[in-house]
Every structure is written in C-alpha cells, then in structure tokens.
Amino acid sequence: MLIRKQKTLVKGDFLMRKTHLSIFLMSLLFSTLFPSNSFAQDFTTKHIPEDAKARLGKGWIDEIAYSPDGSRLAVASSIGIWLYDMETYQEISLRLAHMFLVTSVAYSPDGATLATGNKDDTIRLLDAETREQKHNIPGHKGDVISMAFSPDGATLASGSKDETICLWDAETGELKRRLEGAKYWVYSVAFSPDGATLASGGGSAIRLWDVETGDLKRTLWGHKWNVYSVAFSPDGATLASTSLDATIRLWDAETGELKRTLKENEWSVNGVAFSPDGATLASGSNDATIRLWDAETGELKRTLEGHARAISSVAFSPDGTTLASASEDGTIRLWDAVTGELNRALQSHRLGVAGVAFSPDGATLASGTGSNAIDLWDAGTGVHKLALQTNTYWVTNVAFSPDGATLASARSEHTICLWNAVTGELKRTIQTRALWITSVAFSPDGATLASGGEDGTIRLWDAGTGELKRTLKGHRSGITSVAFSPDGTTLASGNWDEITIRLWDAKTGEHKRKIQGHTRRVNSVAFSPDGATLASGSWDDSIRLWDAETDELKRTLRGHRSGISSVAFSPDGATLASGSYDATVRMWDTATGEIMRTLEGHTSYVYSVAFSPDGATLASGSADGTVLLWEITPAADPPQVAKTPANPRQVAKPPVVTPLQVAPDVNGDSAVDIRDLLLVVERLGQSAQIRADVNGDRKVNVLDVALVAGMVDDVTSPQITYYDGTVMPRITDIKLWLESARQLDLPEPILRRSIQFLRNLLAALTPNKTALLPNYPNPFNPETWIPYQLDRDAGVQILIYSANGILVRQMRLGRRAQGFYTDKHHAAYWDGRNESGELVTAGVYIYEFRAGDYRAMRRMAIVK
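Residues are numbered in my numbering as their position in the sequence shown, beginning at 1, plus a constant of 2.
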C-alpha cells in the first residue's frame, strides 16, 4: 500500500475531509440509494480459502478497466480480479491472487486477454473468457504498478517500482525490450494511438519513448511532484498528465510543449481519462470528486460528487456514455457521462480492515476500515447489515460494550465515536488531544472506556457521559494496544517505541510495573479469560505468555515469519489466535505452545483477530480489505498437532521419496521457484495436510524444503526480490538446511540439485557489502522506511538531521545479524517525529546510517 499512502497522505488528507452533508444526511442518502442488500452476497462463500466459511468484503481497489466491448468491468483488487457484468451490475467472477495483491489491470484491444500486475513483481496474462492463466511473466524487481497494451495488441508495456519499463510480447510473454532511465517508480504508462510512442509518468517528469527502438525521445518537465497518470487523446495530438501537485497538464504530444494547466482544487489528482470522442477529459482527485473538462478549451464542464474518499481511477465505457470511478470509500460509481447523474454504485470494496469485534451475543460482527466506514455484518450469514459512515481517514479499532448496546470506534482524527449497535445511530463523539486513536477497550462492567493514542497517553472515559475520568502518562510514544483484565482491576498497554508492557491500576490510574522481554515494539496485548495469563505480540516475530500475577515469562511462541499484529484468547482460554504481517493467522495451544493450525487466505497483513463468544468462529481482518470467518469447530478427523520440531537439526532419517510422489509447485503457478520454497518455509513445523507438505507425509519439515529446492526449474540463480509482505529465510536457517540436506535419504539427482540451489540461495541472501539504501516512499507524509544491508553482524543506529544539521531523531536499532533489512518488516521505520514525539515540519532531512565502522548519509523529504 505504499502507493496508496503516498497518494493520499498529502496536504493533510489524514485530516477530516470536506463534506457537503452531515453524518445523518450522508447515512440517509446511502440507505435510500444503496440499501444494505446492495452488497451482493453471492461471493461470500465462494472462492474462499480452505478452512474459511465466508469472506466479508471484496478488498480495496487499485484500478478499473472496461473490456473493449463494454460488457465487463475488471477491478484490480487487493484479493484478486473481480469481473462485473455491466448489464446486470453483478459480480460474475473472482480470480483470486496467488499470494499477493493485484495492483494493475488491462484488457487487450480484442478483449481476449486480461493482464494483471502484481505485488510479487510478476505479470499474469489470463484468458478473458475462462480466466485461465496463459502466462506468468517474471522480470521486474519491484511491484508492477502500471500496464497498457499497444493499439495493435502485440505489445504489453509494464511500469514498476524498480524504476524500469518493460515491453513484452503479448502473445508469448517474452521480454522484447527493457527501457531504463525512468529514475522513479513508474506510476502510469500509455501508448499513443499509432503505437509509435509510449508515455510514462514517474517522479515529477513525463517521458516519451520510441517503442520501436526503446530510445528516450523527450522528457516533459513542469509538474512539481509525482506524476500519477498519463493519457493520450484519441487523435494522439494531446497528452494529459495528473500529479500530486494538484494539477492536470495538457501537452502537445508531438513537440512536448505545455498547452494548458488545469487547477481547480488543492488536492492531488490521481486518475485521468479522455472520452472516446476526445471532447471530454475526466479527472479523479483526492478531494473525492470527479471533474469533467472540455478537452479543447480546458473549461470545467461538471463536477461529480458523491464519493466519500479519494478517487483512485476513472475510465470511460467504450461507447462514451458511462464514466466509472473507483474510490477509497469502497465503491465503484457509474455516472452518466453526459448529464453527470449517478446510475449505479457497486459496493463492498474497502480499504484495510484494522479492527474486528463480535457483539457479546455473537450475532453481529463489526469491522473498522480505512474507507471511513464501520461495517456491521450478520455473523451467521455474512449479510451486510449496516455501514456507519465516520467521515474520517481510518477507523483503527472497534469494540462492543459488554451489554452489546454500544459500539465504540477509534478514529484517526482526535475522536472516538459511540454508536447505537442496533440502529447505527451516532450516540456521542468524544474529543481527545491525540491525533490518532489506536486502540479502545471497555472495562468488564461497561462503565469505563480506555483509549490509547499516538501521543503516548492512555485516557479513561466515562462510557455513559463521555467525560474524561483520568489520563495515564508514562509511555514515551504512541500506544499500540490496551486491554482490561477480566476482573477490571488492571489495564495493560503496549507501546510504539518501547519494548515493554505496562500495567496500570484501572481504578486509580497508578502505574504498577513494567514487563520486559521483547526485543522490538509490542503491538498487541490480551488477558486470558481467567486473568492468569497475559499474551503479547511483537514486531520481534514472537508471542509471549506472561504470568499476570508475577510477570514471569511462561512461554515464547515462535512460528510467524514476521511481526505479530494482534493476539486473542478463545473463550475457554485453551487456544490463542495471532494475526501477523506475514498475512497468516495461527492458532496455538496455550498449554504446550505448539502450533495447532495455520490459516491462510489473506493477501496482505492481518491486522486483527477475534473469537466469537461461543468459540466456534474466528474472524480475521486484513490490509487486503476483507474479513475472513474461520470454522473453529473440530472436524471429524482433525489434524494432529505437529510433533516433529521445525528445527532441521532434529529431523532424522525421513523416508526415501521418489519424484513421482512429490508435488513441488506449492503455489500452483505452473513453475517451481523461490516462491514455492518460501511457502514451505513459512509452514515449517505444521502437520496438516496442506500443499506445503510436498511429499504427503502430513509433516512440513526440512525434507519438504530439500525436495522443493531440488526440483526448482532453475537452480543456478535464485530470483531474490524483497517485496512487501514476504520475509526471506534467515542466513542461519539456510545453513542448517544445507547441513540437514546432506543427511537426507533422497534420490541422488534431487539431493545434488537441492544442495546446489541452497548454496546459491545462501549466496544470494548474503550481502557482499554493507550499504544504506534509499528510503521509501520519498517524498512521504508522515512515515517512511529506511532499508539497509549488512555484510557482517553490527550494532546499528540511524540519526536524522534537519537541513541545517540539527539532530532531530536518534534510533538505536541494536545489534543486527548479517543480511538484508529491506522489507517493511525489517527496515528501519520513522514516523516523522522528533525525540519529543512531535511531528516535524515539511522539508528536506538527512539521515545518517551507522553500522560498526560504516557511515553513510542520504536525503529525504516530507511533504504536507
């Protein structure tokens, strides 16, 4: 979601959006025009992962595209490709993504092929009718974020975060030419109508390329910030571009001269499209409006209002009668392109689900989203009941009162909302000084509501009157989680920067003590139903169970391949569920600490997990914009808990396995490569009958690792890419696998190839030098990640200075092992704050990296 954040977190976009209706009128309008049953339910139980019983929501939208005949609308979503029938407006298909988000979509001119760009750095060519995969095209070294077919359909152009553009043979999938020199993420690509020129937008420039030779013909300068979209007029005479600088610019496509600048607002303009007759230009903006311009004179013809969040994409139907707009409010709206009237809204596409909560009676599930809404679902049927519009950037957390009458929602704009959980009516708004409210929790008696904010304070409110009862201070920076003990006497809190958990007297507000043991920040805390155990999940990839009375560490649970975002106990306390940034949910036996099940199906970070009151259902909310409901009731023949340890040193004499017994294509993409190996690695120690168990012995262990490694298509050069959502194996892990592989009783050809591949993988994952890499995103607001690599173990720290050399922030990261620290889970993170926890002003900053004797400095910029 880096692109989305960079697009929307500008010019105070995280502050309250301008709106022309009150919350009541907005709710009334939505309930009148788009009743709750307009959320189609046909797909809640279809195309869902194994073990799940329903999916709520359709994921958030990156891009939309009409088929050439106008009969289909393809939606690139965070869970795959949705296809809508434009006559009935119903979903006719969902093609799930294999592992990662779909970021771009394009139809070939003849409508026979649908191309998708993905966050796993690949392009997939699908048969548009059957949705069967024709080609899986690797080649980029970063997310594929833009695509376009040439007018004759022979060539597919793709732009990527790796700052390159690739031209592919649309029939065979072979690479025809790579265009170097874009210098920035390539947000948009477009062919001229004659197919001779390719325009690309990235950074503050538009570049025009000769398609035949690959030469750069011209660079167009004028925008002040990132160019997000480019489009040629149908006659090829004009090129339109949109930018973060809130302007649309029209260029002479032949000479590159600026013809006209259109500026009607102060918000970033994300999408642009010409009508088929070339008379109208449509633009979508972060101010939630679509504007229709006279393409010849530049005059504003009409402004279309109705969306509640930023517009991410616009597209005209081939006949020019309909304009489709996709928004971060979770809807696609279809407008009459002539009159501007709204024809239809396709709903239930939401941004990331940050919080889920069951009502005390288990009948309702609430989910808080990044689409300024809270959705209430029937927990039994999955039917959408209500959408509570909050008119805010992000709903960070939701919680039901013990009596089920009130729903509290934490918002990103100084406020907590209390809703009537039955009618959806807003009962009360509580104002707080913290800009971001990150967590809310009711006390067991329902009298007190606790909130944690980014200002490092915990506030206790009277749940009935909304009055502030007490402020708890002691944390140095933002609160990540708050939880009451079952008897209501103790409040536990986790913190953004500290590695401690704090316990407070819930009555007096006095600080009782700290619990230390994690090595990185604590994201989530939860008490067991009997109050005897406190669970904590951390960025250090571990879950820890503490004695709530003595603070002693009872057990450390490891198995996730990335940080833990959420933990929750089952009602009987026997099971602990955890959600992780590795996109999985895991269930643990709290008595033994063993992994009971791993639940897969989300395509991005799992932000929140919650058990139903009867313990039969587990809900998980994800950054992919969906909630999955998992059946927890044991099956007739439940999988046995893993007894074989994940440590490869302890694997002894597995059975001889012949290639005929092996199914090494774990992710089902018709290729055996590093991604299949990663799937096996993430499931080490599990015993369920899953695809990672490639030899079918109901155990995922080093034998499966060795088998996949020995049967990859190319053992000579593993394609290593550090993309969001994936954590590569540790160097120490690979060394252990190599040692164990030599002792396995495998057929000689497989054993030899396995050892060779693991050696090459070890080499690829071992940096040959220590280096500081460019931060991303840049420019940013308000957060960024600083990646680096180490050729040896070293103590690491990062110092951030203002442009005039004043130290703003010092981050001591501690001792780090040799390896790459490039993905968002391991790169250094800066939240744009100084040592006092205050947001710094916009401008240029210098960051210095220190690792042992190594020193390096780079620049970065904050925009407001």
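Every residue, glycine too, gets a C-beta built ideally from N, C-alpha and C.
CA-to-CA distance, residue j to residue i, given in whole angstroms
i: Tyr86; j: Leu200; result: 29 Å
i: Pro488; j: Trp541; result: 26 Å
i: Ala711; j: Leu705; result: 10 Å
i: Thr482; j: Thr282; result: 47 Å
i: Pro203; j: Val271; result: Looking at the sequence provided, one finds Gly at residue 203 rather than Pro. Rounded to whole angstroms, Gly203 to Val271 spans 13 Å at the Cα level.
i: Gly59; j: Thr628; result: 5 Å
i: Asn267; j: Leu241; result: 21 Å
i: Asp667; j: Leu127; result: 19 Å
i: Ser610; j: Leu753; result: 41 Å
i: Gly273; j: Ile313; result: 7 Å
i: Asn649; j: Phe571; result: Model confidence at Asn649 stands at a pLDDT of 40, short of 50, so the residue's coordinates are unreliable; what they give is reported in the following sentence. C-alpha separation (whole angstroms): 27 Å.
i: Arg179; j: Asp53; result: 43 Å
i: Thr371; j: Arg352; result: 7 Å
i: Gly113; j: Asp795; result: 53 Å
i: Arg560; j: Ile566; result: 10 Å
i: Tyr68; j: Asp338; result: 15 Å
i: Val674; j: His562; result: 23 Å
i: Thr491; j: Glu93; result: 50 Å
i: Met862; j: Leu260; result: 29 Å
i: Val702; j: Lys826; result: 27 Å
i: Ser350; j: Ala805; result: 45 Å
i: Tyr197; j: Asp154; result: According to the sequence shown, residue 197 is Gly rather than Tyr. Cα to Cα, the separation comes out at about 8 Å.
i: Arg209; j: Ser152; result: 17 Å
i: Gly175; j: Ala159; result: 11 Å
8 Å contact criterion, which residue i and residue j should meet: CB distance rounded
i: Phe613; j: Pro573; result: 6 Å
i: Gln791; j: Tyr823; result: 7 Å
i: Pro2; j: Arg857; result: Only positions 3 to 866 of the chain appear in the structure, and residue 2 is not among them; the question remains open.
i: Asp123; j: Lys143; result: 6 Å
i: Ile788; j: Ala853; result: Contact flag wrong, Cβ pair sits at about 12 Å.
i: Gly603; j: Pro51; result: 3 Å
i: Val909; j: Ala368; result: This structure gives no information on residue 909, because the portion of the chain shown stretches from 3 to 866.
i: Lys55; j: Glu456; result: Wrong, their Cβ atoms sit about 36 Å apart, outside the cutoff.
i: Arg478; j: Gly458; result: 6 Å
i: Gly286; j: Ser235; result: About 18 Å separates the two Cβ atoms, so there is no contact after all.
i: Ala452; j: Phe486; result: 7 Å
i: Ser441; j: Gly454; result: 4 Å
i: Pro781; j: Val842; result: In fact, because the Cβ distance is near 13 Å, the residues do not count as touching under 8 Å.
i: Ile250; j: Thr244; result: 5 Å
i: Gly322; j: Pro362; result: At roughly 53 Å, the Cβ-Cβ gap does not stay under 8 Å, so Gly322 and Pro362 are not in contact.
i: Asp405; j: Gly448; result: 6 Å
i: Leu378; j: Gly426; result: 7 Å
i: Ala579; j: Leu536; result: With 8 Å as the limit, Ala579 and Leu536 do not qualify as a contact, their Cβ atoms being about 15 Å apart.
Cross-strand partners of residue i (DSSP beta bridge)
i: Asp507; result: Thr492
i: Lys516; result: Arg504
i: Arg857; result: Arg852
i: Gln2; result: Limits of the chain in this structure are 3 at one end and 866 at the other, which puts residue 2 out of reach.
i: Glu633; result: Thr619
i: Asn422; result: Thr408
i: Asn228; result: Answer by DSSP bridge pairing: none, since Asn228 is not bridged.
(message) Quick check for students: name the residue ranges of the beta strand (DSSP E) that lie wholly in the region 60–89, counting only runs of 3 or more.
(response) Listed in chain order, they are 63–68, 74–79 and 82–87.
(request) Determine contact between the region 455–464 and the region 421–428, defined as no fewer than three beta-carbon pairs at a distance below 8 Å. (result) Output reads no: the region 421–428 does not touch the region 455–464.
(message) Could you tell me which whole beta strand (DSSP E) segments of length 3 or greater appear in the region 538–621?
(response) Within the region 538–621, the complete beta strand (DSSP E) runs of at least 3 residues are 544–549, 555–560, 566–571, 577–582, 587–591, 597–601 and 608–613.
(message) Tell me whether the region 101–120 and the region 68–78 touch, counting them as touching only if at least three CB pairs, one residue from each stretch, are closer than 8 Å.
(response) In this structure the region 101–120 touches the region 68–78; the number of beta carbon pairs closer than 8 Å is three or more.
(message) For the pair the region 59–68 and the region 323–335, tell me if three or more CB-CB distances fall below 8 Å.
(response) Taking a cut-off of 8 Å for Cβ pairs, the region 59–68 and the region 323–335 touch, as three or more such pairs fall below it.
(message) Could you check whether the region 336–344 touches the region 377–388, counting it as contact only if at least three pairs of C-beta atoms, one from each stretch, sit closer than 8 Å?
(response) These segments do not touch.
(request) Determine contact between the region 757–769 and the region 845–852, defined as no fewer than three beta-carbon pairs at a distance below 8 Å. (result) Judged by Cβ distances under 8 Å, the region 757–769 makes no contact with the region 845–852, as fewer than three pairs qualify.
(message) I'd like to know if the region 304–314 and the region 279–295 are in contact, where contact means that at least 3 CB-CB pairs between them fall below 8 Å.
(response) Short answer: they touch.
(request) Run through the region 321–408 for me and flag every whole beta strand (DSSP E) of 3 or more residues, listed as ranges in chain order. (result) Correct list: 324–329, 334–338, 344–348, 355–360, 366–371, 375–380, 386–391 and 397–402.
(message) Contact between the region 590–599 and the region 616–627 is defined here as three or more beta-carbon pairs at a separation below 8 Å; is this criterion met?
(response) Pairwise C-beta distances place the region 590–599 out of contact with the region 616–627, as fewer than three of them are shorter than 8 Å.
(message) For the structure I just gave you, are there three or more beta carbon pairs, one from the region 126–136 and one from the region 210–220, closer than 8 Å?
(response) Taking a cut-off of 8 Å for Cβ pairs, the region 126–136 and the region 210–220 do not touch, as fewer than three such pairs fall below it.
(message) Closer than 8 Å is the cut-off here; do at least three beta carbon pairs connect the region 757–766 with the region 811–818?
(response) Cβ pair count under 8 Å is below three, so no.
(request) Run through the region 749–819 for me and flag every whole alpha helix (DSSP H) of 4 or more residues, listed as ranges in chain order. (result) Every unbroken stretch of the alpha helix (DSSP H) spanning 4 or more residues and falling wholly within the region 749–819 is given here in chain order: 750–766.
(request) Count the CB pairs spanning the region 144–152 and the region 179–193 that are closer than 8 Å, and state whether there are at least three. (result) They touch, by the three-pair rule.
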